[in-house]
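S.K.: When you line the sequence shown up against this note's numbering, it's residues 5 to 238, in that order. Each residue gets a CB set at the ideal place from its N, CA and C atoms; glycine is no exception. Small disclaimer: the values here were computed from a predicted structure and weren't measured.
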Amino acid sequence: MRDLLRARLAAARRRRRGDEGWTLVELMVSMTIFAVLLTIVFSILISVSTQTRDNLARNRAVEEARLGLMQIDRQVRSGNVISDPAAETIAGSGVAPYYSLRVHTQTDGVYQCVQWRVIYPAGSEFGDLEYRSWRPDWQAVGGVEDWRVVAHNVVKPTGTGFVESDPTTWPPFYVDPSSAAQASSEAQTIRVTLRLKDPAQRASSKPASVTSVLTGRNTVFGYPADKCATIPTP
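What follows is the structure, encoded as structure tokens:
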């Protein structure tokens, strides 16, 4: 009988102990582990989201830079005369030397003067790639088009000066004497370098950069160099 009573009392004690739940220490430890796991998960999610947004922004910048280069390439390859960007003036382009390019071209069989420039609004680190065209006889017949923006968010070269041996300092337009195309052909060539950075990219992310040496196929035929010398007001 006594053994039966002891067994019932022990069973009752076990039931009461099972109903007691976690102690405060156990609860604090569990909450701490859960908080750490949540922090790790959210950190991973934020990192993946930031990286995805940065990659998408960079892809947009690369695509915009390539489209701008393709349009310039199309007109330069049909070019008859390519003016040296080093000789460009603010009066004729609105920008400093090496930031403007003039070409007398016959794209699609239409003889015209085209001008490209990279211009930076006051107080902005991002510039625009712009384009305009006019007829060689514009002073008599008109036909000067307004500037049109082809690409946004163009970033300036690094450094304080232009060094031919350092690609990070290359301006948008310049005659590259070291290029194979310039050395092996009598045709005029021009190096075009565009660096674009989407504002959605992280501050530490590098800009997308495209560069290419373009050749004017018709420049070997000796067209007059002053075909587009008379420039409309920029």
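1) Given this structure, state the Cα-to-Cα distance separating Arg106 from Asn84, to the nearest angstrom.
2) Look at the alpha carbon of Gly113 and the alpha carbon of Gly72, and state the distance between them as a whole number of angstroms.
3) So what's Thr223 in DSSP terms, helix, strand or just coil?
4) Less than 8 Å between the CB atoms is what I'm expecting for Tyr103 and Arg78, so what's the real figure, rounded?
5) Please name the residue in Pro171, Gly165, Leu200 whose C-alpha comes closest to that of Pro101.
6) Go ahead and pull the three-state DSSP assignment for Ala61.
7) For Asp150, which residues of its own chain have a beta-carbon under 7 Å away from its beta-carbon, when the five flanking residues on both sides are left out?
8) Note down, one range per segment and in chain order, each alpha helix (DSSP H) of at least 4 residues found wholly within the region 169-204.
9) May I ask which residues mark the beginning and end of the beta strand (DSSP E) holding Trp138?
10) Suppose you measure from the CA of Arg139 to the CA of Thr237; what does that come to, to the nearest Å?
11) Evaluate Glu30 with the Cβ neighbour count: other Cβ atoms within 10 Å of its Cβ, from every protein chain shown; 16 or more gives buried, anything less gives exposed.
12) Note down the Cα distance separating Pro176 from Val145, rounded to an integer number of angstroms.
13) Between Leu41 and Leu133, how many whole angstroms is the CB-CB distance? I'm expecting something under 8 Å.
14) Are there any heavy atoms of the ligand FMN lying less than 8 Å away from the beta-carbon of Val118, as far as the coordinates show?
15) Cα-Cα, which of Val179, Ser213, Val52 is closest to Glu168?
16) For the beta strand (DSSP E) that Ala155 lies in, which residues bound it at each end?
17) Any contact between the region 204-212 and the region 62-71? By contact I mean 3 or more CB pairs, one from each, below 8 Å.
18) What residues in its chain sit with their C-beta under 7 Å from that of Thr223, if we drop five residues either side in the sequence?
19) By alpha-carbon positions, which one of Ser182, Asp141, Val217 ends up nearest to Cys232?
M.R.: Concretely, from the data shown:
1) Here residue 106 refers to the residue found at position 102 of the sequence shown. Here residue 84 refers to the residue found at position 80 of the sequence shown. Roughly 11 Å separates the two Cα atoms.
2) Along the sequence shown, one-based indexing puts residue 113 at 109. Along the sequence shown, one-based indexing puts residue 72 at 68. Each residue's alpha carbon lies about 21 Å from the other.
3) In the sequence shown, residue 223 corresponds to position 219, counting from 1. In the three-state DSSP reduction, Thr223 falls in the helix class (H, G or I).
4) In the sequence shown, counting from the first residue as 1, residue 103 sits at position 99. In the sequence shown, counting from the first residue as 1, residue 78 sits at position 74. Not a contact, Cβ separation roughly 20 Å.
5) The count along the sequence shown starts at 1 and reaches residue 101 at position 97. Comparing alpha-carbon positions, the option among Pro171, Gly165, Leu200 lying closest to Pro101 turns out to be Gly165.
6) By 1-based counting over the sequence shown, the position of residue 61 is 57. Here Ala61 sits in helix by DSSP.
7) In the sequence shown, residue 150 corresponds to position 146, counting from 1. Contacts found: Arg136.
8) The qualifying runs are 184-188.
9) For this step, residue 138 is matched to residue 134 along the sequence shown. First-last of the beta strand (DSSP E) with Trp138: 130-138.
10) If you number the sequence shown from 1, residue 139 lands on position 135. If you number the sequence shown from 1, residue 237 lands on position 233. Cα-Cα distance, rounded: 14 Å.
11) On the sequence shown, position 26 is the one that residue 30 refers to. Label assigned to Glu30: exposed.
12) The count along the sequence shown starts at 1 and reaches residue 176 at position 172. The count along the sequence shown starts at 1 and reaches residue 145 at position 141. Spanning the two alpha carbons is a distance of roughly 32 Å.
13) Residue mapping note: residue 41 aligns to position 37 of the sequence shown, counting from 1. Residue mapping note: residue 133 aligns to position 129 of the sequence shown, counting from 1. Under the criterion of beta carbons closer than 8 Å, Leu41 and Leu133 do not qualify as touching, at roughly 48 Å.
14) Annotation note on the ligand FMN: not contained in the displayed structure, which lists no ligands.
15) As a position in the sequence shown, residue 168 is number 164, starting the count at 1. For Glu168, the closest of Val179, Ser213, Val52 by C-alpha to C-alpha distance is Val179.
16) Walking along the sequence shown from the start, residue 155 turns up at place 151. It spans 152-159 - the beta strand (DSSP E) in which Ala155 sits, taken as one unbroken run.
17) Flag = yes, the region 204-212 and the region 62-71 touch.
18) As a first step, residue 223 is located in the sequence shown; it is residue number 219 there, counting from the start. Here the set comprises Gly83, Asn84, Val85, Ile86, Ala191, Gln192.
19) Numbered from 1 along the sequence shown, position 228 holds the residue referred to as residue 232. Nearest C-alpha to Cys232 among Ser182, Asp141, Val217: Asp141.
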